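Novice: Provided herewith is a single structure, encoded as structure tokens, for subsequent inquiry.
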């Protein structure tokens, strides 16, 4: 144990007197104390504490990527912190079940005392969204118009300052775009990939036309979806088309970043790509857990309020449901499954490249010249 350290008392260390004295019932102020309001306050305070921990982890990850060079040695710690965020998110999602033990009638017994306070005013949650990559331009129209309207000047200034800083999405995009794609003399992965993709799409087209179980109407629908998939594949090989679709909101990652992420996913079992693959997977799951949280929150609000407006003036359930569908951040990583090919269709990497990949994390890695990301 360290010497000359003052004794630490449990309650003082955790500042329990301050924390446990922070539950002030609005209903009690008006002589109409509602038993259920204590649960409402505690659950939301716990959420805010978890938001604080998530931001603590997230900011450390952002600091790592916000460097000229992202050192490979830092990736295990980054992935570990992202996994911690995921576990916190899962716990937060489970906590909604505790709130749902309150009936709509019990909630109404104190709801009117809360106006115009709203979860919409949670600065930590907004910081979390912005830091992950959900900046103003990517929000639904209601958010774009009302994002700052109900905040204090100080909170508004905090978020506006954060909007001007690079988000994790932007930093990961730049990191992926810098990643060297394996291309050597006599071997170009993307030539092999395009041939394999074209063959797969042709086979899918033939399957639709010759499927005896489909009606003509169903075939037309399947062919329409096939054409959309083919257009997405075409965008992988045509940067001009990609940028057109990106401007329409079909993609958000840059073209180079998308290609790098796709390559990583196709060869995720290779040692050099396994940690980047885990990183991409973790970001995908964080977005998924955030979507689940939004959805469960929307369902809870509908259960409590029906179609009533929220205390903050939004359209309540309708608004929350819309954010669930629209305020996605890492959707490109989800949709990347569209472009993945079976292992049997992937080109075999040349021996020289396999050797480089195999030696990358070995003791001789220091002698291997490999671009730092």
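Residue numbers (our numbering): 471 to 843. Here a beta-carbon is modelled for each residue, glycine too, at the ideal position from N, C-alpha and C. Here the structure is a predicted model, which is why all the values come from computation and not from measurement.
Terminal residues of the continuous alpha helix (DSSP H) containing residue 534?
Specialist: Counting from 1 along the chain shown, the entry for residue 534 is found at position 64. It spans 505 to 535 - the alpha helix (DSSP H) in which residue 534 sits, taken as one unbroken run.
Novice: Between residue 527 and residue 555, how many whole angstroms is the CB-CB distance? I'm expecting something under 8 Å.
Specialist: Taking the first residue of the chain shown as position 1, residue 527 is located at position 57. Taking the first residue of the chain shown as position 1, residue 555 is located at position 85. So it is a contact: roughly 5 Å between Cβ atoms.
Novice: Inspect the beta-carbon positions of residue 767 and residue 801 and report whether they are closer than 8 Å.
Specialist: Indexing the chain shown from 1 puts residue 767 at position 297. Indexing the chain shown from 1 puts residue 801 at position 331. No, the Cβ-Cβ distance between residue 767 and residue 801 is not below 8 Å.
Novice: Any chance you could list the alpha helix (DSSP H) runs of at least 4 consecutive residues sitting entirely within the segment 533 to 578, in chain order?
Specialist: Runs found: 545 to 569.
Novice: Quick one, are the C-beta atoms of residue 602 and residue 637 less than 8 Å apart?
Specialist: Residue mapping note: residue 602 aligns to position 132 of the chain shown, counting from 1. Residue mapping note: residue 637 aligns to position 167 of the chain shown, counting from 1. The answer is yes: Cβ separation under 8 Å.
Novice: Confirm, please, whether the CB-CB distance from residue 538 to residue 593 is below 8 Å.
Specialist: Position 123 of the chain shown, counting from 1, holds the residue named residue 593. Position 68 of the chain shown, counting from 1, holds the residue named residue 538. Not closer than 8 Å, so no.
Novice: Going by beta carbon distance, what residues of the same chain come within less than 7 Å of residue 770, once the five residues before and after it are set aside?
Specialist: For the purposes of this step, residue 770 is taken as residue 300 along the chain shown, with counting starting at 1. 566, 569 and 570.
Novice: Could you compute how far the alpha carbon of residue 607 sits from the alpha carbon of residue 696?
Specialist: Taking the first residue of the chain shown as 1, we reach residue 607 at position 137. Taking the first residue of the chain shown as 1, we reach residue 696 at position 226. In a straight line, the C-alpha of residue 607 is about 30 Å away from that of residue 696.
Novice: Identify whether residue 658 lies in helix, strand or coil by the three-state DSSP scheme.
Specialist: Within the chain shown, residue 658 is the residue found at index 188, counting from 1. If DSSP states are grouped into helix, strand and coil, residue 658 belongs with the strands.
Novice: Report the option in 595, 505 and 546 whose CA atom is closest to the CA atom of residue 524.
Specialist: Residue 524 sits at position 54 when you count from the first residue of the chain shown. Comparing Cα positions, the closest option is 595.
Novice: Within 10 Å of its beta-carbon, does residue 600 have 16 or more other beta-carbons around it, so buried, or fewer, so exposed?
Specialist: Numbered from 1 along the chain shown, position 130 holds the residue referred to as residue 600. Counting Cβ neighbours within 10 Å, residue 600 comes out buried, since at least 16 surround it.
Novice: For a minimum of 4 consecutive residues, which ranges assigned as the alpha helix (DSSP H) are wholly contained in the segment 716 to 776?
Specialist: Listed in chain order, the complete alpha helix (DSSP H) runs (minimum 4 residues) inside the segment 716 to 776 are 725 to 736 and 741 to 775.
Novice: Could you tell me the alpha carbon to alpha carbon distance between residue 590 and residue 689, rounded to whole angstroms?
Specialist: Within the chain shown, residue 590 is the residue found at index 120, counting from 1. Within the chain shown, residue 689 is the residue found at index 219, counting from 1. So the alpha carbons of these two residues sit roughly 45 Å apart.
Novice: Are residue 760 and residue 485 close, meaning C-beta to C-beta below 8 Å?
Specialist: To locate residue 760, count along the chain shown from 1; it is residue 290. To locate residue 485, count along the chain shown from 1; it is residue 15. It is not a contact, given that the beta carbons lie outside the stated cut-off.
Novice: Classify residue 585 as helix, strand or coil using the three-state DSSP reduction.
Specialist: Locating residue 585 in the chain shown gives position 115, counting from the first residue. In this structure, residue 585 counts as coil in the three-state DSSP scheme.
Novice: Mind checking whether residue 504 and residue 494 have CB atoms under 8 Å apart?
Specialist: Counted from its first residue, the chain shown places residue 504 at position 34. Counted from its first residue, the chain shown places residue 494 at position 24. No. Outside cutoff.
Novice: Excluding sequence positions up to five away, which residues of its chain have a Cβ less than 8 Å from the Cβ of residue 836?
Specialist: For the purposes of this step, residue 836 is identified with residue 366 of the chain shown, where counting begins at 1. Summary for residue 836: the model assigns pLDDT 37, below 50, so the residue's position carries little reliability, and this model does not support an answer.
Novice: Would you call the segment 677 to 688 in contact with the segment 743 to 763, where contact means no fewer than 3 C-beta pairs closer than 8 Å?
Specialist: Short answer: they don't touch.
Novice: Ends of the alpha helix (DSSP H) at residue 605?
Specialist: The residue given as residue 605 occupies position 135 in the chain shown. Run containing residue 605: none; DSSP gives neither H nor E here.
Novice: Relative to the C-alpha of residue 705, which candidate in 729, 753 and 746 has its C-alpha closest?
Specialist: Position 235 of the chain shown, counted from the start, is the residue given in the question as residue 705. Cα-wise, what sits closest to residue 705 is 729.
Novice: Would you check if the segment 534 to 548 and the segment 472 to 487 touch, i.e. whether three or more CB-CB distances between them fall below 8 Å?
Specialist: Flag = no, the segment 472 to 487 and the segment 534 to 548 do not touch.
Novice: Does the segment 804 to 816 come into contact with the segment 733 to 742, if we say contact requires no fewer than three beta-carbon pairs (one atom in each stretch) closer than 8 Å?
Specialist: The segment 804 to 816, when compared against the segment 733 to 742, does touch it at the 8 Å Cβ threshold.
Novice: For residue 517, count neighbouring C-beta atoms within 10 Å of its own C-beta (all shown protein chains included) and say buried if the count is 16 or more, exposed if not.
Specialist: Start at 1 with the first residue of the chain shown, and residue 517 comes out as number 47. It counts as buried.
Novice: Applying the 10 Å Cβ sphere with the 16-neighbour rule, what's the burial state of residue 667?
Specialist: Residue numbering aside, residue 667 sits at position 197 when the chain shown is read from its first letter. Classification for residue 667: buried.
Novice: Are the beta-carbon atoms of residue 645 and residue 540 separated by less than 8 Å?
Specialist: On the chain shown, residue 645 is found 175 positions in, with the first residue counted as 1. On the chain shown, residue 540 is found 70 positions in, with the first residue counted as 1. Yes; because the gap between Cβ atoms is below 8 Å, this pair is in contact.
Novice: For the alpha helix (DSSP H) containing residue 487, list its first residue and its last residue.
Specialist: The residue you call residue 487 lines up with position 17 of the chain shown. Where residue 487 is concerned, the enclosing alpha helix (DSSP H) stretches over 486 to 490.
Novice: Taking the alpha-carbon of residue 818 as reference, which of 793, 489, 662 and 772 has the nearest alpha-carbon?
Specialist: By 1-based counting over the chain shown, the position of residue 818 is 348. Minimum Cα distance to residue 818 is reached at 662.
Novice: Is the Cβ-Cβ distance between residue 725 and residue 712 less than 8 Å?
Specialist: In the chain shown, counting from the first residue as 1, residue 725 sits at position 255. In the chain shown, counting from the first residue as 1, residue 712 sits at position 242. Their beta carbons are under 8 Å apart, which means residue 725 touches residue 712 by this criterion.
Novice: Less than 8 Å separating the beta-carbons of residue 750 and residue 552?
Specialist: Here residue 750 corresponds to residue number 280 of the chain shown, with the count starting at 1. Here residue 552 corresponds to residue number 82 of the chain shown, with the count starting at 1. No. Outside cutoff.
Novice: Using the C-alpha atoms, what's the distance from residue 816 back to residue 669?
Specialist: What you label residue 669 is simply residue 199 of the chain shown in a count that begins at 1. What you label residue 816 is simply residue 346 of the chain shown in a count that begins at 1. Approximately 12 Å between the Cα atoms of the pair.
Novice: For residue 723, which residues in the same chain have their Cβ closer than 6 Å to its Cβ, ignoring the five residues on either side in sequence?
Specialist: Sequence index remark: in the chain shown, residue 723 carries index 253 (1-based). 643 and 802, listed in sequence order.
Novice: Note the first and the last residue of the continuous alpha helix (DSSP H) segment covering residue 479.
Specialist: Within the chain shown, the letter at position 9 stands for residue 479. That residue, residue 479, is in no alpha helix (DSSP H); it is neither H nor E in DSSP.
Novice: Sorry if obvious, but does the Cβ on residue 522 come closer than 7 Å to a heavy atom of the ligand FAD?
Specialist: The ligand FAD is not part of this structure, which contains no ligands at all.
Novice: Mapping the DSSP letters down to three states, classify residue 808 as helix, strand or coil.
Specialist: As a working note, residue 808 is residue 338 in the chain shown. In the structure shown, residue 808 sits in a helix (DSSP, three-state: H, G or I).
Novice: Would you grab the beta carbon distance between residue 577 and residue 774 for me? Rounded to a whole angstrom, and I think it's under 8 Å.
Specialist: As a first step, residue 577 must be located in the chain shown, where it is residue number 107. As a first step, residue 774 must be located in the chain shown, where it is residue number 304. Right, the Cβ-Cβ distance comes to about 5 Å (below 8 Å), so this counts as a contact.
Novice: Less than 8 Å separating the beta-carbons of residue 641 and residue 510?
Specialist: Taking the chain shown and counting its residues from 1, the one referred to as residue 641 is at position 171. Taking the chain shown and counting its residues from 1, the one referred to as residue 510 is at position 40. No, they are not a contact pair.
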